[in-house]
Amino acid sequence: MPTSHRRSLFSGRAAELDAMEAAFRDISGGRQRSFLLGAEAGGGKSRLVEEFADRLSGRALILKGGCIEQRESALPYAPVTAVLHELVQLRGAPSVRSLVGAEGARELAWLLPEFGETSERFDAGIARARLFEALRKLFEELAREMPLVLVVEDIHWADQATCDLLRFLTARLRKIRLMLIVTYRPEETSGSNALRTIIADLSLSEGTEVLKLPRLTRAEVAAQLEGLLGRPPTPAVINEVHTRSCGIPLFTEALIDASGGLRTDFTGSLNDYLLKAVREMPASTAELLKVMALGGPHITHALLRSVTEKSDLELAELLRPAILAGILVPDGDGYVFRHALIHEAVRGDLIAGERMAIHRAYAEVLERGPLPSYRVWHAVALARHWHGAGEAEHCLQWAWQSAAEAGATFAYADQMEMLKLALAAWFEVDNAADLIGADHCGVLELAADAACWAAEAEQGLTFVERALAEVDAERDGMQLAALLLQRAVMRQHTLIPGEIADLERALDHAPNPTRLRADGLGQFSRALILRGEFDRARRLGDELKDLSERLDDEEYRIEALIVAASVDMASDSSRIDAYWSVAKRAGQASIGRVEVLAGAALLQALFETGKYAEAIEVGPAIFARAVEFGQARYIGAIVGSPLCRALLAVGRVSEAIETCERMAALDPLPLGLVHVFECQAEIALVLGDSDRIATAARSLRALPPGPQVASRMAANLLRIDIESRALAGDTDQSAILIRSALTHFEKQRGVSWPLLASAIRVAVDTNLKDAARQLADLAARSPCRNIVEEAERLSISAEISRMAGSALDVWEALAQSWADLSQPFRQAYALMQAGGAAVNAGKRTRGAGHFRRGADLAHSIGARLLCDQIETLAAKARIDLRGGTDGGMPKAPLGLTDREFEVLRLVAAGQSNREIANNLFISSKTASVHVSNILSKLSVPSRGAAAALAHRLRMVDPA
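Just so you know, the UniProt record's numbering puts the end of the sequence shown at 959, numbered straight through with nothing missing.
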């Protein structure tokens with residue numbers, strides 16, 4: 001098996017690791033435990049054991065041995081011999097001999113010469129019993145010294161004697177501090193009675209738990225890739241690797257090359273590994289696998305029977321070895337390759353002549369008519385097989401037909417792929433235009449449109465540019481306008497400049513009252529709304545409304561209503577009513593495009609106006625419709641963003657994370673990625689996770705700074721940076737960023753309330769009083785569009801009050817505002833500040849209530865940093881969050897003693913050990929010991945890092 005030179009980030013397996021750690025606590029108490037870890041080849045068994053061993057470092061003696069793959073027979077006692085060798089390397093042979101005595105050492109000498117002379121064995125059975133007893137004694141003595149973890153890997157290759165020894169150990173070592181971990185491949189049990197038996201016997205032993213490792217999820221593959229690459233992978237890379245690796249950790253590593261790029265071909269060693277089992281098959285089965293490799297991801301039994309011209313019985317005999325070896329898996333009415341990479345390897349191993357012959361065989365069978373159980377579209381399969389067979393004319397005909405079928409069912413990616421086949425065959429067919437009834441430029445335009453809907457912008461732009469080079473602008477202005485509209489869409493979603501110019505030019509070439517002009521008006525309106533140019537968008541929307549009546553077209557009537565609602569500056573309630581009305585009308589019209597546009601606009605409005613419960617109720621259905629209509633990559637992230645943010649606002653953090661992951665899994669274009677990365681940043685801010693915040697910021701900065709979202713991205717990045725530097729306790733950089741925020745606001749027509757709220761809070765925290773007052777003045781002058789922004793303005797007033805000692809009534813009013821909006825994170829923060837204000841005003845009981853309520857809210861949503869901040873402030877106020885008598889000193893936070901807590905506050909204030917000693921009336925040496933203990937307990941490397949943590953937890957009051 002190939003191995004990677006890189007150690008990948010440990011990903012997934014959290015439940016399994018927790019179970020193993022719980023079992024270790026059992027053996028530490030004197031109870032023997034065993035684990036059977038099952039996973040397919042490359043599934044992460046050894047990596048899990050390695051991670052577990054790392055976590056036990058210093059707490060247990062860990063000995064490992066593995067069985068060895070042998071062609072003829074297994075090597076006797078191979079894992080035990082390896083264990084003994086490792087033990088001798090660690091302690092020396094004399095030390096080990098002393099544990100088992102002279103007689104025991106002579107028995108062990110049969111396995112390892114370092115133990116000296118062997119015993120004289122007269123009876124094989126008695127000799128084996130003596131060996132087993134010597135090993136039992138050895139493990140008992142080792143376990144008396146400290147807990148012993150014995151790892152035996154790959155028992156699917158074990159000899160019978162090793163299996164018998166494992167049975168003996170699990171039966172005879174039940175009351176000692178021994179943890180036995182045995183790994184195996186479940187797929188090997190189908191062909192080995194001995195393996196099935198030993199697995200069954202061990203699993204029935206007292207204290208044994210069986211863990212079967214599932215394949216990694218997409219999110220777990222993403223985490224593994226980030227560890228391998230040293231940076232967040234793009235959604236496209238995650239999707240490709242997850243699909244091709246099938247969630248098998250070894251294959252994930254194999255798909256990343258030495259430079260960190262995605263591998264498109266396999267190294268010789270990996271290819272040999274993937275094809276190893278295939279090449280061990282009987283020749284007739286191997287030939288059948290070649291045929292199946294070109295049949296698609298799933299091949300039905302009926303199609304396979306027709307292509308091979310074999311009977312069911314003959315096929316069963318040929319398939320059985322491949323199924324038993326785990327190469328194929330029965331799947332419904334047919335078969336699939338167990339691993340996508342094995343499928344790729346078999347397909348890649350075919351030579352040109354084999355490929356063409358197999359493709360022709362499939363095409364000829366399918367041309368006789370679709371088989372009843374055949375899952376793949378008939379026309380799509382024929383186009384691909386005739387292409388593979390080198391028959392251009394047949395390929396063109398079927399590709400054109402299949403493209404029409406795919407477009408009719410919203411399968412835009414398949415439509416695009418079929419049109420690519422048609423274009424590839426075009427110049428090899430003499431009468432191509434006559435054959436399909438369309439010219440080359442028309443096919444390019446249709447391919448560009450399909451690419452646009454499939455969100456394959458790079459490919460789509462290539463089609464558009466080729467078509468623009470062919471179109472006659474003087475003769476066919478309408479076709480030119482259509483192509484310009486397509487290019488504008490793709491420029492928008494890839495954040496490329498030039499979109500507005502394309503839209504203006506398109507409308508110039510489509511002056512007549514046609515559907516094409518209506519398309520242009522709707523698209524142009526949305527582009528202007530995205531930029532905040534509402535007046536111009538309103539004028540275009542009015543024209544679209546008039547044109548929709550002239551055309552008597554319900555689709556454009558609905559689109560005009562969406563534009564009107566989006567630019568309406570009326571009250572929240574009337575705007576929301578308008579969005580609900582247009583969404584209902586769009587659903588009744590059953591026009592997928594405008595239904596999704598109306599749903600997206602409704603969701604955004606519900607989120608902006610604080611109607612989170614309604615957004616959460618309707619959001620999943622709107623998201624599902626976007627997928628159903630084939631618009632997931634195009635608009636899925638834009639639909640998912642307000643849903644994710646609404647979930648986060650009400651404290652349903654795990655669901656927000658799941659929604660964000662679903663958005664990323666759609667592999668959106670850069671415009672959609674802006675929404676994904678912004679949601680990731682919002683989640684990280686709630687969790688107080690500085691690593692996640694930094695990752696989201698890097699991801700946003702990696703996107704092109706397109707004019708479509710330039711102002712929005714600048715504001716969000718500033719906010720993320722301000723929060724990040726504040727978490728790190730970097731007051732100097734925070735000051736620079738707050739001044740940058742002031743400059744940003746001077747250049748913009750409106751304000752970003754989230755940026756304003758973050759900037760003023762950090763300005764007050766870091767004693768930037770002038771900047772805080774300027775920001776407060778800006779907030780006072782800025783209009784509030786809804787109740788959420790009114791709450792943000794109140795929060796700014798509350799933050800400013802902190803410079804004069806905090807106004808209790810303002811903080812309590814703010815906490816109630818966030819409670820009314822069902823925002824527990826913001827409410828908990830306001831309660832924390834209200835608690836401090838109450839204590840400062842001498843109202844300790846009232847303050848204690850605010851602290852406890854805030855702590856409960858923060859804990860309920862998993863906001864660990866905010867929990868720590870509340871705990872810290874309560875401790876400073878000598879308030880017991882657990883409900884005891886207020887006034888007594890509670891236990892200090894973060895696992896520190898009360899004295900260590902006081903020392904940490906002084907470290908954060910920049911005091912030296914001598915200054916700390918003078919302040920606390922202790923010696924400098926004692927202060928140094930306290931500082932060392934603090935660094936150890938907080939798992940930080942330096943006084944500076946400890947100080948940064950203290951600033952994050954607000955242990956140091958602003959000067």
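Just so it is clear, CB atoms sit at the ideal spot from N, CA and C, and this is done for glycine as well.
Beta-carbon gap between residue i and residue j smaller than 8 Å
i, j, result
"Ile796", "Ala779", "yes"
"His359", "Gly388", "yes"
"Gly522", "Val788", "no"
"Arg864", "Leu687", "yes"
"Trp811", "Ala837", "yes"
"Leu602", "Tyr579", "yes"
Alpha carbon of residue i to alpha carbon of residue j, nearest angstrom
i, j, result
"Arg244", "Ala286", "22 Å"
"residue 994", "Asp732", "Since the first residue of the chain shown is 1 and the last is 959, residue 994 is not available in this structure."
"Gly532", "Glu405", "39 Å"
"Gly541", "Gln816", "40 Å"
"Arg215", "Glu253", "14 Å"
"Arg550", "Ala379", "39 Å"
"Val278", "Ala322", "8 Å"
"Leu178", "Gln32", "5 Å"
"Ala345", "Ser284", "18 Å"
"Arg536", "Leu503", "13 Å"
"Ala22", "Ser11", "19 Å"
"Leu61", "Leu949", "35 Å"
"Arg943", "Asp721", "23 Å"
"Glu140", "Leu173", "8 Å"
"Asn767", "Ala527", "41 Å"
"Ala450", "Ala488", "14 Å"
"Thr885", "Ile879", "At Thr885, the pLDDT of 48 sits below 50, so the modelled position is not reliable and the matter cannot be decided from this model."
"Ile916", "Glu723", "30 Å"
Helix, strand or coil at residue i [DSSP, three-state]
i, result
"Pro330", "strand"
"Leu36", "strand"
"Leu547", "helix"
"Thr743", "helix"
"Glu187", "helix"
"Ile720", "helix"
"Gly65", "strand"
"Met20", "helix"
"Val241", "helix"
"Leu904", "helix"
"Phe629", "coil"
"Val751", "coil"
"Glu209", "strand"
"Thr609", "coil"
"Ala153", "Just to set this straight, residue 153 is Glu in the shown sequence, not Ala. Correct three-state label for Glu153: strand."
"Leu814", "helix"
"Val182", "strand"
"Thr234", "coil"
"Ile861", "coil"
"Val650", "coil"
Own chain partners of residue i with C-beta closer than 6 Å, once the 5 adjacent residues on each side are dropped
i, result
"Val653", "Ile861 and Gly862"
"His930", "Glu900 and Val903"
"Ala945", "none"
"Arg71", "Only weak support exists for where Arg71 lies, its pLDDT of 43 falling under 50; the value from the coordinates is given anyway. Contacts found: none."
"His859", "Cys867"
"Gly44", "Leu213 and Pro249"
"Val940", "Ala946"
Cβ shell of residue i (< 8 Å), same chain only, five flanking positions each side left out
i, result
"Glu678", "Ser641, Ala696, Leu700 and Asn716"
"Arg106", "Phe115, Gly116, Glu117, Thr118 and Ser119"
"Leu821", "Gly610, Tyr612, Ala649, Ile787, Val788 and Ala791"
Same chain only: Cβ atoms within 7 Å of residue i, ignoring 5 sequence neighbours per side
i, result
"Leu255", "Val241, Arg244, Ser245, Leu262 and Arg263"
"Glu16", "Leu48, Leu211 and Leu213"
"His298", "Asp331, Gly334, Val336 and Arg375"
Contact with chain C by residue i, beta-carbon distance below 8 Å
i, result
"Ala467", "Although the question refers to chain C, the structure presented lacks it and comprises just one protein chain."
The stretch 592-605 / the stretch 552-563 touching (three or more Cβ pairs under 8 Å): yes
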